[in-house]
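**Q** For reference, the structure I am asking about is given below.
Numbering (our numbering), first residue to last: 7 to 269.
Put into C-alpha cells, the structure is as follows:
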C-alpha cells in the first residue's frame, strides 16, 4: 500500500500545518489496520518555506542586515587598498602618508565593528525566528499524531515518533529559517565579488569562474549522496531512540531476563 499526504492546511497565521497521513486501501494488519509505507511524496519547497510564514518579516530584516554586514566586509579590502596607494604615492610627504593611512585605518576599524554588530543582530533575529518555527511545528505535529488511528501507532513505535518530534523538526527549522537566507546571502556575495573581480582583472575572473563551475559539477553527485545519507541517518536515529525508549520504559523486564547486554 502507498502512503499519501493530503494538502497541508493553513492556520490562523497562514502557515502550513502538519496533517494526518492517509493510507490508501491495501494490505491489512492482524487487527485490521492499514499497513504504512515509507514511500510518501517529498514536501515541496513552497510547503517547507510556508512553515516560517509568520516569521517572514523578521527573516527579511535579518537578510537585509546580512547584506549590510557582508557588504561592509567586502568593502574593507577596497578601503585598505587606498592605504597601500598612499604608501607608494611619490607625491605625498611622509607626514601626509601617515595621516592618510591613519584615516583609512580608523575607517576600517569602524567598518569592521559595524559589520560585527550587524552580524550579531542578524544572528539573534534568526535564532529567535528559528525557535518559534520549531516550537510551532512541534505543537502541530504532536496534535496531528494524537489524531491518528490506532493502526498508525501499531506501525510506528513511540520512540520513533518522539525522535520525529525532536530531531526532524529541528532539521526543518534549519531549512526554513536559516538555510534559505544564507543561500540568498551567498548568491548576493558571489555576484558582488564577481563584479569586483571583473573590474580588477577580467582574465583572472574567467579562470576562477571556470574552476568554480568545474567544482560545482563535480560536487553535485556528492550533494545527492549526502542527502541520501542524511535521510538514512534520521531513520537510524529514530530507530535507536525507539529501542532506548522501550528498554528504559521496561527496565524491570530487561533486568528480569538479564538482557542488559542485548539491549
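Beta carbons are placed, not taken as given, at the ideal position from N, Cα and C, and that holds for glycine.
In this text, all values refer to a predicted model and were calculated from it rather than measured experimentally.
(1) Which same chain residues, not among the five before or five after residue 250, have their C-beta less than 7 Å away from its C-beta?
(2) With 16 other CB atoms within 10 Å as the buried threshold, where does residue 70 fall?
(3) Please confirm whether residue 114 and residue 92 have their CB atoms less than 8 Å apart.
(4) Is the separation between the beta-carbon of residue 187 and that of residue 68 shorter than 8 Å?
(5) Compute the Euclidean distance between the alpha carbons of residue 81 and residue 122, then round it to the nearest angstrom.
(6) By a C-beta neighbour count over all protein chains shown, 10 Å radius and 16 as the cutoff for buried, is residue 52 buried or exposed?
(7) How long is the line joining the alpha carbons of residue 57 and residue 86, rounded to whole angstroms?
(8) At a cut of 8 Å, does the region 198 to 215 reach the region 133 to 150 through at least three beta carbon pairs?
(9) Quick one: Cα of residue 221 to Cα of residue 137, how far?
(10) Pick out whichever of 175, 155, 179 and 171 has its Cα sitting closest to the Cα of residue 248.
(11) If you draw a straight line from the alpha carbon of residue 266 to that of residue 163, how long is it in whole angstroms?
(12) Can you tell which of 260, 111, 236 and 244 has its C-alpha closest to the C-alpha of residue 84?
(13) Counting C-beta neighbours from all protein chains within 10 Å, is the total for residue 237 16 or more, i.e. buried, or is it exposed?
(14) Using the Cβ count rule (16 or more neighbours within 10 Å means buried), how would you classify residue 219?
(15) Got a sec? Which residues, its chain only, sit under 8 Å from residue 204 by beta carbon, not counting five neighbours each side?
(16) Work out the CA separation of residue 126 and residue 258 for me, nearest whole Å.
(17) Applying the criterion that 16 or more other CB atoms from any shown protein chain within 10 Å of the CB defines a buried residue, is residue 76 buried or exposed?
(18) Helix, strand or coil for residue 240 per DSSP?
(19) Rounded to whole angstroms, what's the CA-CA distance from residue 104 to residue 128? Just pull it up for me.
(20) Measure the alpha-carbon distance for residue 263 versus residue 254 and round it to whole angstroms.
(21) At the 8 Å Cβ level, is residue 210 part of the contact set with chain B, yes or no?
(22) Report yes if the CB atom of residue 240 is closer than 8 Å to the CB atom of residue 173, and no otherwise.
(23) What residue from 120, 244, 252 and 116 has the CA that sits closest to residue 4's CA?
**A** So, to answer that:
(1) Residue numbering aside, residue 250 sits at position 244 when the chain shown is read from its first letter. Taken in chain order, the residues that qualify are 165.
(2) Looking up residue 70 in the chain shown gives position 64. Residue 70 is exposed by the Cβ-count criterion.
(3) Against the chain shown, residue 114 aligns to sequence position 108. Against the chain shown, residue 92 aligns to sequence position 86. No, Cβ-Cβ distance for residue 114 and residue 92 is not below 8 Å.
(4) On the chain shown, position 181 is the one that residue 187 refers to. On the chain shown, position 62 is the one that residue 68 refers to. Yes, the Cβ-Cβ distance between residue 187 and residue 68 is below 8 Å.
(5) In the chain shown, the residue the question calls residue 81 occupies position 75. In the chain shown, the residue the question calls residue 122 occupies position 116. The alpha-carbon atoms of residue 81 and residue 122 are separated by roughly 14 Å.
(6) As a working note, residue 52 is residue 46 in the chain shown. Exposed, since its Cβ has fewer than 16 Cβ neighbours within 10 Å.
(7) For the purposes of this step, residue 57 is identified with residue 51 of the chain shown, where counting begins at 1. For the purposes of this step, residue 86 is identified with residue 80 of the chain shown, where counting begins at 1. Using only the alpha carbons, I get a separation of about 43 Å.
(8) no
(9) As a working mapping, residue 221 is identified with position 215 in the chain shown. As a working mapping, residue 137 is identified with position 131 in the chain shown. Between residue 221 and residue 137, the C-alpha separation is close to 34 Å.
(10) Reading the chain shown from its first residue, position 242 is the one you call residue 248. Nearest option by C-alpha distance: 171.
(11) Indexing the chain shown from 1 puts residue 266 at position 260. Indexing the chain shown from 1 puts residue 163 at position 157. Rounded to the nearest angstrom, the two C-alpha atoms are 21 Å apart.
(12) Numbered from 1 along the chain shown, position 78 holds the residue referred to as residue 84. Nearest C-alpha to residue 84: 111.
(13) Here residue 237 refers to the residue found at position 231 of the chain shown. Flag for residue 237 reads exposed.
(14) Locating residue 219 in the chain shown gives position 213, where the first residue counts as 1. By the 10 Å Cβ count, residue 219 comes out exposed.
(15) The residue given as residue 204 occupies position 198 in the chain shown. So the list reads 211, once near-sequence residues are dropped.
(16) Residue 258 sits at position 252 when you count from the first residue of the chain shown. Residue 126 sits at position 120 when you count from the first residue of the chain shown. Rounded to the nearest angstrom, the two C-alpha atoms are 50 Å apart.
(17) Locating residue 76 in the chain shown gives position 70, where the first residue counts as 1. Burial call: buried.
(18) Your numbering for residue 240 matches position 234 in the chain shown. Looking at residue 240 - three-state DSSP - the assignment turns out to be helix.
(19) In the chain shown, counting from the first residue as 1, residue 104 sits at position 98. In the chain shown, counting from the first residue as 1, residue 128 sits at position 122. Cα-Cα distance, rounded: 36 Å.
(20) Translated into positions along the chain shown, residue 263 becomes position 257. Translated into positions along the chain shown, residue 254 becomes position 248. Computed Cα separation, rounded: 14 Å.
(21) The displayed structure is made up of one protein chain only, and chain B is not part of it.
(22) What you label residue 240 is simply residue 234 of the chain shown in a count that begins at 1. What you label residue 173 is simply residue 167 of the chain shown in a count that begins at 1. Yes, Cβ-Cβ distance for residue 240 and residue 173 is below 8 Å.
(23) Given that the chain is displayed from residue 7 to residue 269, the structure contains no residue 4 and the question cannot be resolved.
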